[in-house]
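Trainee:
Protein chains: 2
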Amino acid sequence: MSSEKRALTERKKQILKAIVDAHIEGGEPIGSKYVLKNQQLNCSSATVRNEMAELEEMGYLEQPHASAGRVPSELGYRFYVDSLIERYAMTTNEIAQINALLKAKMGELDQILLAASNLASSMTNYTGIAIKPRVNSVLIGTFEAIYLEPDHYILVAVDSDGNVKSKHLRTDAPILTQVSLAKLTRVLNTHLTGLSAEQITLPLMMKIEAEMGSDSSLVNDVIKVIYDLLNEPDNGEMRISGIDRLLQYPEYSDVSQLQELLGTLEKKEDILNLVSQSENEDISVVIGSESQVKVMNNSALVFKPIVKDGKTLGAIGVLGPRRMDYAKVLATLEGLSGNISNIIHANKQLNGGEPDGGK
Amino acid sequence: MSSEKRALTERKKQILKAIVDAHIEGGEPIGSKYVLKNQQLNCSSATVRNEMAELEEMGYLEQPHASAGRVPSELGYRFYVDSLIERYAMTTNEIAQINALLKAKMGELDQILLAASNLASSMTNYTGIAIKPRVNSVLIGTFEAIYLEPDHYILVAVDSDGNVKSKHLRTDAPILTQVSLAKLTRVLNTHLTGLSAEQITLPLMMKIEAEMGSDSSLVNDVIKVIYDLLNEPDNGEMRISGIDRLLQYPEYSDVSQLQELLGTLEKKEDILNLVSQSENEDISVVIGSESQVKVMNNSALVFKPIVKDGKTLGAIGVLGPRRMDYAKVLATLEGLSGNISNIIHANKQLNGGEPDGGK
DNA sequence: TTTAGCACTCGGTTTGTTTGAGTGCTAAAC
DNA sequence: GTTTAGCACTCAAACAAACCGAGTGCTAAA
């Protein structure tokens, strides 16, 4: 009644912050007395109670049941994350840990992401998530055909992002030679480099076939494979680490809730969508039912895209109870993503292997 | 006392089987009356009780507490799996399901395994596991260096099993040309093909360097990468699907137990060891603490290696409570592995991509 | 507007009771 | 010797009553 529904008074903010902090810490509802004890407030518990009642009316707090303390609502958490949070400063120790562990894994982006998600999980004590988002428009890069046996060769394709994919191929008639494969390589590179998968047309294929002369029988198979390689497999990927940590938190001791959450993680789709759709390069905090993902009602997902040259290569994230230690999680993800960027940019050998190979 | 500790009488077998079956079904301890009801036995519950007491003495049954029914012991399950089990016959419907779903995924072994583990999970309603075991002795196969930019190229290496691995490389001095890379390719293939990683010696490296002439500066980097590629990354991989299913079973409603189990799954090491060490091509059933993996006390792991040309390419398995429906699980894994073998053998494009890319 | 005081609420815990499935044992029957 | 019927006993699970206490809302005074 003091504040006319608009902004929160300083005291309200202080009380809200105290409640969120305390609830993150302990997971229990917070009462007026407790707030008073741990905060520097020049008023009595009764006043705090009044304030709390108002905060509840405004939607920032809620009461699990009539005679219990207050718990932050979704809106409360949102406000907390957006304006109240004090950024957690990582200790030099933690920074060193990140550096050491990530450096050891440098090489494949996949491995880096996975390692980062593991780290995120163990540092924050929530569940870590490593994500390779869906990508939709890759251009064809370079090809190379590798001879193995007279009827058996490997086609290696590099896309415009430098991802390497490969496929074994066999011919019906054993006509392969190193020479014919070299020709194949040359012709493919001449005609296909720079195109998108959709730009491979029948006339183009026929032109290629014509140019291959006596080895034209190879072309049909090859094109199909190329199409497959560039198009189909990249539906994104997601790896989870530290699910066991969820169990520490009493909010997941309800088996049915936990089961639902695990089911969502299992499907991967929802979360993958969520992350793939995010346009922001910054850290996103998705609290409970803010997202389309219904199940995560008392959970929160924090993730940070890993961007290079304007392209989103992946994301690392953390999943945990709604009362997550946001300050620490944000700092950790920030730190990790910084390090990943460093590694990706600075290193000589980067992004090896096939980023999609493991899917 | 009737049987002198050696073999089980027919009646004892019948009773044991009845108890295991019933316990698999319901998860509760089984009493003498229940056995009598559901079995064709010409005796009274008292007799059954006597028999059960003897079976307990022999170690096949145990009592959760003094006045409860009996539950099969580890030994009991072992005996059941080894001799009592009636193989479950898959319905044609189920067989068709396997075929359809696996065919759609043909291509990468990784993908097949993953799909198979998903299938195994959904068909048995336990947790599915897809495993790529550690491999220890790979020989170097073919190389190919792909030119990208004056200071940037990709090295593609194929090992003797046909696995393709790749790595991006950059040079300090931009001296790369298509020609120099072709030379590199040729020299590497000449000297390294057929060797194991351990056989790359310093003299050999120097010889290669000499042969590369003006481009010898590439050699050092390349060799290091080769070593990495062939050696380090292959610590096996393991993917889990359907963890949420575990929660259906009351044995995992104890949070601490569940947490331990998830922790073991998380580490992956133990299970990977277990599977990698198995020399058998047949289905293995690991019940509870039979294995070194301590945690799985009330769980069982059933897995079947996927073998091609005498080489173990991977394994699919199922993890669930000790009172698992072994008949169904065995049949499912048998069926799946059969189909995988078919696909792997019959198909022209096989085992593409990097089997280890996703690690 | 703040504060002190007080009655009230209500989930959680403790404690006690009941219930019933299941056993082991014994003595009689086959 | 084996099987059976009967009975006393055990013990976890389910239910109920009682209690506790943190926390609230409200009122009346400061």
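Residue numbers (this note's numbering), protein chains in the order written: chain A, 1411 to 1769; chain B, 1411 to 1769.
Backbone N, C-alpha and C fix where the C-beta goes; we use that ideal spot for every residue, glycine too.
This one's a predicted model, so the numbers in the text were calculated from it and none came from an experiment.
Which two residues bound the contiguous alpha helix (DSSP H) that contains S1590 (chain B)?
Mentor: Where S1590 (chain B) is concerned, the enclosing alpha helix (DSSP H) stretches over Q1588 to L1602.
Trainee: Let me check understanding here. Comparing Cα to Cα, which of B:Y1659, B:P1474 and B:I1556 lies closest to R1580 (chain B)?
Mentor: If we check each option's Cα against that of R1580 (chain B), B:I1556 comes out closest.
Trainee: Would you report the Cα separation of D1654 (chain A) and Q1669 (chain B), rounded to the nearest angstrom?
Mentor: Roughly 5 Å between the two C-alpha positions.
Trainee: If you pair each beta-carbon of the stretch 1738–1751 of chain B with each one of the stretch 1706–1716 of chain B, do three or more pairs fall below 8 Å?
Mentor: Yes: the two stretches touch, three or more of their Cβ pairs being nearer than 8 Å.
Trainee: Which residue's Cα is closest to the Cα of T1595 (chain B): B:K1718, B:A1725, B:V1568 and B:A1583?
Mentor: Considering only alpha carbons, the answer is B:V1568.
Trainee: Output the residue ranges of the alpha helix (DSSP H) runs that lie fully inside the stretch 1647–1699 of chain A and measure 4 residues or longer, sorted by chain position.
Mentor: Counting whole runs of 4 or more residues, the stretch 1647–1699 of chain A contains the alpha helix (DSSP H) stretches 1653–1656, 1665–1677 and 1679–1687.
Trainee: Ignore the nearest five residues each way along the sequence and tell me which others in V1629 (chain A)'s own chain have a CB closer than 6 Å to its CB.
Mentor: Cβ neighbours of V1629 (chain A) beyond the five flanking positions: I1618, E1619 and M1622.
Trainee: Please list, in chain order, the chain A residues whose beta carbon lies closer than 8 Å to that of S1532 (chain B).
Mentor: In chain order: nothing, as chain A lies at least about 11 Å away.
Trainee: Let me know the secondary structure DSSP gives L1614 (chain A) once reduced to three states.
Mentor: Looking at L1614 (chain A) - three-state DSSP - the assignment turns out to be helix.
Trainee: E1467 (chain A) lies in the beta strand (DSSP E); which residues open and close that run?
Mentor: Where E1467 (chain A) is concerned, there is no enclosing beta strand (DSSP E), although the alpha helix (DSSP H) it sits in stretches over S1455 to M1468.
Trainee: So D1654 (chain B) contacts chain A; which residues on that side make the cut at Cβ distance below 7 Å?
Mentor: Near D1654 (chain B) (Cβ distances below 7 Å), the residues of chain A are Q1669, L1672, G1673 and E1676.
Trainee: For M1516 (chain B), name the three-state secondary structure that DSSP assigns.
Mentor: Confidence in M1516 (chain B) is poor, its pLDDT being 47 and thus under 50, which makes the residue's placement too unreliable to answer from.
Trainee: Return the chain-ordered ranges of every beta strand (DSSP E) run that is complete within the stretch 1522–1563 of chain B and spans a minimum of 3 residues.
Mentor: Counting only runs of 3 or more, we get 1537–1542 and 1550–1559.
Trainee: Would you call the stretch 1485–1504 of chain A and the stretch 1416–1433 of chain A touching, i.e. three or more CB-CB distances under 8 Å?
Mentor: They touch, by the three-pair rule.
Trainee: Output yes if chain B places a C-beta closer than 8 Å to the C-beta of I1505 (chain A); else output no.
Mentor: No, I1505 (chain A) does not count as interfacial toward chain B.
Trainee: Measure the alpha-carbon distance for V1445 (chain B) versus L1451 (chain B) and round it to whole angstroms.
Mentor: Those two C-alpha atoms are separated by around 9 Å.
Trainee: Rounding to the nearest angstrom, what Cα-Cα distance links V1685 (chain B) and I1541 (chain B) in this structure?
Mentor: Each residue's alpha carbon lies about 8 Å from the other.
Trainee: Less than 8 Å between CB atoms is the rule here; does Q1759 (chain B) satisfy it with respect to chain A?
Mentor: Residue placement at Q1759 (chain B) is flagged as unreliable, the pLDDT there being 43, under the threshold of 50; the coordinate-derived value follows with that caveat. It does; some Cβ of chain A falls within 8 Å.
Trainee: State the Cα-Cα distance for the pair E1466 (chain B) and S1663 (chain B), rounded to the nearest angstrom.
Mentor: Taking the straight line from one Cα to the other gives about 26 Å.
Trainee: Would you kindly work out how many angstroms separate the C-alpha atoms of I1372 (chain B) and V1597 (chain B), rounded to a whole number?
Mentor: It is not possible to answer for residue 1372 (chain B), since the shown part of chain B is limited to 1411 through 1769.
Trainee: If you run the structure through DSSP and keep just helix, strand and coil, what is T1742 (chain A)?
Mentor: Note: T1742 (chain A) maps to helix in three-state DSSP.
Trainee: Is the CB-CB distance between G1646 (chain A) and L1682 (chain A) below 8 Å?
Mentor: Their beta carbons are under 8 Å apart, which means G1646 (chain A) touches L1682 (chain A) by this criterion.
Trainee: For L1529 (chain B), is the classification buried or exposed, using 16 other Cβ atoms within 10 angstroms of its Cβ as the cut-off for buried?
Mentor: Buried, by the Cβ-count rule.
Trainee: Compute the distance between the beta-carbons of D1735 (chain B) and T1534 (chain B), then report whether it is under 8 Å.
Mentor: The answer is yes: Cβ separation under 8 Å.
Trainee: Could one say the Cβ of H1578 (chain A) lies closer than 8 Å to chain B's Cβ atoms, at least one of them?
Mentor: Yes, because at least one Cβ of chain B sits closer than 8 Å to the Cβ of H1578 (chain A).
Trainee: Establish whether the CB of L1591 (chain B) and some CB of chain A are separated by less than 8 Å.
Mentor: No, L1591 (chain B) lies away from the interface with chain A (no Cβ there is under 8 Å from its Cβ).
Trainee: Provide the residue span of the beta strand (DSSP E) that contains V1712 (chain A), from first to last.
Mentor: S1709 to K1718 is the extent of the beta strand (DSSP E) around V1712 (chain A).
Trainee: Could you give the C-beta distance for T1434 (chain B) and V1458 (chain B), rounded to a whole number, given that I count them as a contact under 8 Å?
Mentor: It is Ile, not Thr, that sits at residue 1434 (chain B) in the sequence shown. Not quite, the Cβ-Cβ distance comes to about 19 Å (not below 8 Å), so this is no contact.
Trainee: Mind reading off the beta-carbon distance from S1570 (chain A) to L1602 (chain A)? Whole number of angstroms is fine, and I expect it under 8 Å.
Mentor: Incorrect: roughly 12 Å between the Cβ atoms, too far for contact.
Trainee: Under 8 Å, Cβ to Cβ, is there at least one residue of chain A near L1657 (chain B)?
Mentor: Chain A, which has a Cβ nearer than 8 Å to the Cβ of L1657 (chain B), makes this yes.
Trainee: Taking 8 Å as the CB-CB limit, is V1566 (chain B) close to chain A?
Mentor: V1566 (chain B) counts as touching chain A.
Trainee: Is there at least one non-hydrogen atom of the ligand PLP closer than 7 Å to the beta-carbon of I1753 (chain A)?
Mentor: Of ligands this structure carries none, so the ligand PLP is not represented either.
Trainee: If we ignore side chains and look at the alpha-carbon of each, how far apart do S1751 (chain A) and I1505 (chain A) end up?
Mentor: Distance between the alpha carbons of S1751 (chain A) and I1505 (chain A) is about 15 Å.
Trainee: Using a Cβ-Cβ cut-off of 8 Å, state whether E1467 (chain A) counts as contacting chain B.
Mentor: Not an interface residue.
Trainee: Alpha carbons only, please: which of B:T1419, B:Q1687, B:M1500 and B:I1610 is nearest the one belonging to E1744 (chain B)?
Mentor: Ranking the options by Cα distance to E1744 (chain B), first place goes to B:M1500.
Trainee: Mind listing the chain A neighbours of G1572 (chain B)? Cutoff is C-beta to C-beta under 9 Å, in chain order.
Mentor: Correct list: L1558, H1562, I1564 and H1578.
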